[in-house]
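Just so you know, the sequences run in chain order A and B.
Using our numbering, the first residue of the first sequence is number 6, and each one after it goes up by one.
Using our numbering, the first residue of the second sequence is number 6, and each one after it goes up by one.
Accompanying notes for the structure given below.
2 protein chains.
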Amino acid sequence: MTQRNRQIRLARRPQGIPQAEHFEIVETAIPELADRQILVRNQYLSVEPAMRGWVNAGPGYAKPVGIGEVMRAFTAGEVVASKNPKFAPGDKVTGMLGWQEYTVCEASAISRKVREDDLPLSLSLGILGINGLTAYFALFEVGGPRPGDTIVVSTAAGAVGSAVGQLAKIAGCCTVGIAGGPVKTALCRSDFGYDVAIDYKAGGLLEAAVREACPSGIDIYFDNTSGAISDIAMGQLSIGARVIVCGTASVASWDPPPLSARLDRMILTRRVRMQGFLVFDYQHRYEDAIGRLAGLVRAGRLKYREDILDGIESCPDAVAGLYRGENLGKRLIRLS
Amino acid sequence: MTQRNRQIRLARRPQGIPQAEHFEIVETAIPELADRQILVRNQYLSVEPAMRGWVNAGPGYAKPVGIGEVMRAFTAGEVVASKNPKFAPGDKVTGMLGWQEYTVCEASAISRKVREDDLPLSLSLGILGINGLTAYFALFEVGGPRPGDTIVVSTAAGAVGSAVGQLAKIAGCCTVGIAGGPVKTALCRSDFGYDVAIDYKAGGLLEAAVREACPSGIDIYFDNTSGAISDIAMGQLSIGARVIVCGTASVASWDPPPLSARLDRMILTRRVRMQGFLVFDYQHRYEDAIGRLAGLVRAGRLKYREDILDGIESCPDAVAGLYRGENLGKRLIRLS
């Protein structure tokens, strides 16, 4: 192989949201395949809010990306060479293959073969990938929706939130979405079927707006933000409510953790169940869930939006852009 | 009926822990029984930490006791007259019959007939009553113990905590009790079988002591205190830990709620399940649980302690005494 490979590496460790200057583009050679390795040409690179956590030091799910390492990322692509009998050229795969054009890896780095040939490959990084899976397992395994429940979804127009809202609606819930700005709230209504969409940027009325939308309280709160939005939702939970802690997008730093009112008494008297969620805990059930999600997509019952940037040069600023709220839908980098 | 009845009524609304001066003793006549009513002579009156919440205004499970009303309390006693075919004189019963010598009530006020004739009636207010039931359902329904789990129990020598620790031990857990003072910690070891007992009053070493007792983290934390003890336990949870929020004894006032470090990120990254518990949610299953608990008591596998005060005059100061930590075991008032 003499093909060149461009990679995005972590150049400096950010404090908080990683900006373009924390990354560098490096061109390297693609190494020869060792026995049992495969070579994947990445066609889509994923951009996640969670990447903030992946590049910051401190407590998190996993070891932070090292300085000089290729940025950790989900990708979707095609096997172009294989010394592993389980994979053949032409196979479509997803995996944690990093922000780079080509990846040489063991089979263990591959999450799955993409079998939904009738649907765009990009979906395997969004509604049929980590985002749809997060929504599906968070809602059904932690949220426990029952018909008639009222669910409040933060980041309601986002890649995960929009799927949570739609799945909850399909499950018979009344859905209330909180999003930032008129464009996203309009999308919540038009595309994602929320019964109520609330613009948290529209002034100091969020608490009252949530109260009006949830007259008998919030039965499920899907929290992707923490901070002020979370505090308002937590103040309006019903008896027996479930809180899915899925993300903390609004909090810039956890070192030290910001202060808030103690929740113990409220959790006690309302018998709230507040639970942290990480999709990787459900890996053994991905295929079943993707099958269900794909069925809903094909039937037109589960909608999604993508925000596709072209070229690997778009990577370094792409996470910062998520936190600037500039995307509408799942952000991906398409490689030609 | 011309028998006189002495009652303890709420005379003034406390802020925080109710003291003797918030109650008054009043002597009244016992009213005639109406159709379907019964008359119970109370033999034991229960004293609960939860009574603080029952007499304070503000958010809680239930409407606070009104000024001039008989203090809400569990009692155990004997039916002495009945105009209800379901009850006959001589029946032993428990119910929310109030701090008074005699109670005239409907059948709906009775929690259950006490069928464990071979065991002391007082147990029906403790290990075979609200305390044992709280421990049983909190541990098994919310805590989800698995053999090999490490559980930390706050108020470990208390009426509920001591039962939680023993039941967890029976279920194969490593049990770590936190209690105040050398007498209670000795009791944790000698009577309640804790693997480790930690005295939180012994100096500033609680965090290190918990860490030493739980080298791979806390799998279940039974929280009856909130505050500083809770903060230390929450900082040492394992992945997938369960937190049973059962009481908030160490926090004097929730108006406004005290501040603490936000827990969201920790709950998220460690996939913690933190859940409020109220025993009344499990009323339909009391008989089954009491049968199991009574079996363990008879077999000598579930120990309990009682702290019995004599005479209704002991009531007014009895709750304040609990919060002064002066009791060892379930506090009851015995009426002659």
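For every residue, glycine included, the Cβ atom is placed at its ideal position computed from N, Cα and C.
Nearest-angstrom Cα separation, counted from residue j out to residue i
{"i": "A:L44", "j": "A:G316", "result": "20 Å"}
{"i": "B:M6", "j": "B:R329", "result": "Unreliable placement is indicated for B:M6, whose pLDDT of 45 sits below 50; the coordinate value is still reported in the next sentence. Each residue's Cα considered, the two are about 40 Å apart."}
{"i": "B:S341", "j": "B:L126", "result": "14 Å"}
{"i": "B:I115", "j": "B:I22", "result": "27 Å"}
{"i": "A:L264", "j": "A:V256", "result": "11 Å"}
{"i": "A:A214", "j": "B:G82", "result": "51 Å"}
{"i": "A:L242", "j": "B:Q280", "result": "13 Å"}
{"i": "A:D312", "j": "A:A323", "result": "11 Å"}
{"i": "B:D293", "j": "B:L144", "result": "15 Å"}
{"i": "B:V98", "j": "B:V119", "result": "5 Å"}
{"i": "B:T33", "j": "B:R14", "result": "12 Å"}
{"i": "A:F285", "j": "A:R117", "result": "13 Å"}
{"i": "A:R194", "j": "B:P19", "result": "49 Å"}
{"i": "B:R306", "j": "B:E217", "result": "27 Å"}
{"i": "A:Y141", "j": "A:S87", "result": "33 Å"}
{"i": "A:Y287", "j": "B:I295", "result": "37 Å"}
{"i": "B:R336", "j": "B:G240", "result": "32 Å"}
{"i": "A:A16", "j": "A:A25", "result": "10 Å"}
{"i": "A:G245", "j": "B:A184", "result": "30 Å"}
Bounding residues of the beta strand (DSSP E) (the contiguous stretch that carries residue i)
{"i": "B:L50", "result": "43 to 51"}
{"i": "A:T108", "result": "107 to 110"}
{"i": "B:R278", "result": "278 to 281"}
{"i": "A:F28", "result": "28 to 34"}
{"i": "B:K88", "result": "Segment: none, B:K88 is in no beta strand (DSSP E) and carries neither H nor E."}
{"i": "A:V264", "result": "Correcting the residue identity first, residue 264 of chain A is Leu in this sequence and not Val. 264 to 266 is the span of the beta strand (DSSP E), which, as asked, contains A:L264."}
{"i": "B:K118", "result": "115 to 118"}
{"i": "B:L99", "result": "Correcting the residue type first, residue 99 of chain B is Thr in the shown sequence and not Leu. Looking at the DSSP string, the run of the beta strand (DSSP E) that includes B:T99 is 97 to 100."}
{"i": "B:V157", "result": "155 to 158"}
{"i": "A:Q12", "result": "9 to 15"}
Closer than 8 Å to chain B by CB, residue i
{"i": "A:R276", "result": "yes"}
{"i": "A:D286", "result": "yes"}
{"i": "A:F282", "result": "yes"}
{"i": "A:L138", "result": "no"}
{"i": "A:V250", "result": "yes"}
{"i": "A:M279", "result": "yes"}
{"i": "A:I135", "result": "no"}
{"i": "A:S235", "result": "yes"}
{"i": "A:T160", "result": "no"}
{"i": "A:L301", "result": "no"}
{"i": "A:I183", "result": "no"}
{"i": "A:T253", "result": "yes"}
Host alpha helix (DSSP H) of residue i (start-end)
{"i": "B:A140", "result": "135 to 142"}
{"i": "B:V271", "result": "The question names Val, but residue 271 of chain B is Met in the sequence shown. Residues 269 to 274."}
{"i": "A:R57", "result": "56 to 60"}
Chain A contact for residue i (CB, 8 Å cutoff)
{"i": "B:P262", "result": "yes"}
{"i": "B:G21", "result": "no"}
{"i": "B:D224", "result": "no"}
{"i": "B:A62", "result": "no"}
{"i": "B:M6", "result": "Below a pLDDT of 50, predicted positions are generally treated as unreliable, and B:M6, at 45, falls in that range; the measurement from the model is reported next regardless. Not an interface residue."}
{"i": "B:D269", "result": "yes"}
{"i": "B:S258", "result": "no"}
Test item: CB-CB of residue i and residue j under 8 Å
{"i": "A:S182", "j": "A:G166", "result": "For the record, residue 182 of chain A in the displayed sequence is Gly; it is not Ser. The answer is yes: Cβ separation under 8 Å."}
{"i": "A:N10", "j": "A:I35", "result": "yes"}
{"i": "A:R230", "j": "A:A266", "result": "In the sequence as displayed, the identity of residue 230 of chain A is Thr instead of Arg. Cβ distance not < 8 Å, so A:T230 and A:A266 don't count as in contact."}
{"i": "A:I223", "j": "A:T180", "result": "no"}
{"i": "A:G170", "j": "A:V188", "result": "no"}
{"i": "B:A161", "j": "B:A202", "result": "yes"}
{"i": "B:K308", "j": "B:D196", "result": "yes"}
{"i": "B:Q42", "j": "B:V84", "result": "no"}
{"i": "A:A299", "j": "A:E146", "result": "no"}
{"i": "A:E262", "j": "B:R270", "result": "First, the residue type needs correcting, since residue 262 of chain A is Pro and not Glu in the sequence shown. Contact: yes."}
{"i": "A:P150", "j": "A:A164", "result": "no"}
{"i": "A:D228", "j": "A:S221", "result": "no"}
{"i": "B:W104", "j": "B:C320", "result": "yes"}
{"i": "B:Y107", "j": "B:I338", "result": "no"}
{"i": "B:K342", "j": "B:G186", "result": "Residue 342 of chain B is absent from the structure shown; chain B starts at 6 and stops at 341."}
Chain-ordered neighbours of residue i on chain E, where CB pairs are closer than 8 Å
{"i": "A:S243", "result": "Considering every chain present, this structure includes no chain E. Its protein chains are A and B."}
Next on the checklist: If we require 3 or more residues per run, which beta strand (DSSP E) segments fall completely within the region 163 to 244 of chain B?
Outcome noted: 179 to 184, 201 to 204, 223 to 228
Item to check | Residue ranges of each beta strand (DSSP E) within the region 285 to 336 of chain B, 3 or longer | outcome: 311 to 315
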